[in-house]
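See structure below.
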Amino acid sequence: MIDSPMSSTEFRRYGKRGRGKWITIYARDGHTFAVIAGLRLDTTPYDNYTGHWAPCWQTTDRPPRGFEARHPVGL
Numbered sequence: 066m067i068d069s070p071m072s073s074t075e076f077r078r079y080g081k082r083g084r085g086k087w088i089t090i091y092a093r094d095g096h097t098f099a100v101i102a103g104l105r106l107d108t109t110p111y112d113n114y115t116g117h118w119a120p121c122w123q124t125t126d127r128p129p130r131g132f133e134a135r136h137p138v139g140l
């Protein structure tokens, strides 16, 4: 869906504005996370007290305040 790695700043202009049906990318300067089919793929545990700081799937919600929601066209 993308040709090369993108920074969080570049993801702020990716695809279409707003939430997608299946994929939503939340981006702000310095951080990006995605919600895919209801699961969050993120590098921070945010309210998930597992202590894991590697990219992983999260079942907890993350408030999108301060992030711009974008989605791939058609998804």
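Our numbering applies: residue 66 is where the sequence shown begins, and numbers increase by one.
Heads up, the beta-carbon is just placed ideally off N, CA and C, and yes, glycines get one too.
Note that this is a predicted model, so its numbers are computed, not measured.
Whole-Å CB distance - residue i paired with residue j, under 8 angstroms assumed
{"i": "G83", "j": "H136", "result": "7 angstroms"}
Among the options, nearest to residue i - alpha-carbon criterion
{"i": "I88", "options": "T125, G131, R130, M66", "result": "M66"}
{"i": "K86", "options": "V100, T108, R127, P128", "result": "V100"}
{"i": "D126", "options": "R77, V138, T109, M71", "result": "T109"}
{"i": "Y130", "options": "P70, D68, D94", "result": "It should be noted that the sequence gives Arg, not Tyr, for residue 130. Measuring from the Cα of R130, the nearest candidate turns out to be D94."}
{"i": "V138", "options": "S72, K81, P120", "result": "K81"}
{"i": "F132", "options": "S69, Q123, S73", "result": "S73"}
Endpoints, the alpha helix (DSSP H) within which residue i is located
{"i": "T74", "result": "73-76"}
Beta-carbon proximity of residue i to residue j, cut-off 8 angstroms
{"i": "Y91", "j": "A134", "result": "yes"}
{"i": "P120", "j": "L106", "result": "yes"}
Delimiting residues of the beta strand (DSSP E) encompassing residue i
{"i": "R135", "result": "133-136"}
*At which residue ranges does the region 78-109 contain complete beta strand (DSSP E) runs of 3 or more residues, listed in the order of the chain?*
88-93, 96-101, 104-107
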